[in-house]
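A short write-up of the structure that comes next.
Residue numbers (our numbering): 14 to 86.
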């Protein structure tokens with residue numbers, strides 16, 4: 014069971030880092046999002062489609078799970 018505890022701690026730290034980045038990045042004047050993210054704005058409606066962010070997260074999780082299975086699991 015120690016491997017499950019380590020995995021939960023790592024997932025928690027990744028969520029913490031992601032939350033802090035999402036909180037701090039929009040405060041920088043040059044940051045306008047990841048390329049590929051689309052925002053559609055109408056009069057009283059805004060739709061955000063995070064295509065670039067989804068691809069980046071998918072790649073990151075794929076690499077992390079590959080490394081975990083190869084070296085940790």
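Ideal Cβ placement from N, Cα and C applies to all residues, glycine included.
- If you draw a straight line from the Cα of residue 17 to the Cα of residue 24, it is about 10 Å long.
- Contact check for residue 38 against residue 51 fails: the beta carbons are separated by 8 Å or more.
- Annotated three-state conformation of residue 40 is helix, per DSSP.
- Each residue's CA atom was taken as its position, placing residue 56 and residue 33 some 30 Å apart.
- Short of 6 Å from the beta carbon of residue 60, and not among the five residues preceding or following it, lie these beta carbons of its own chain, in chain order: 53.
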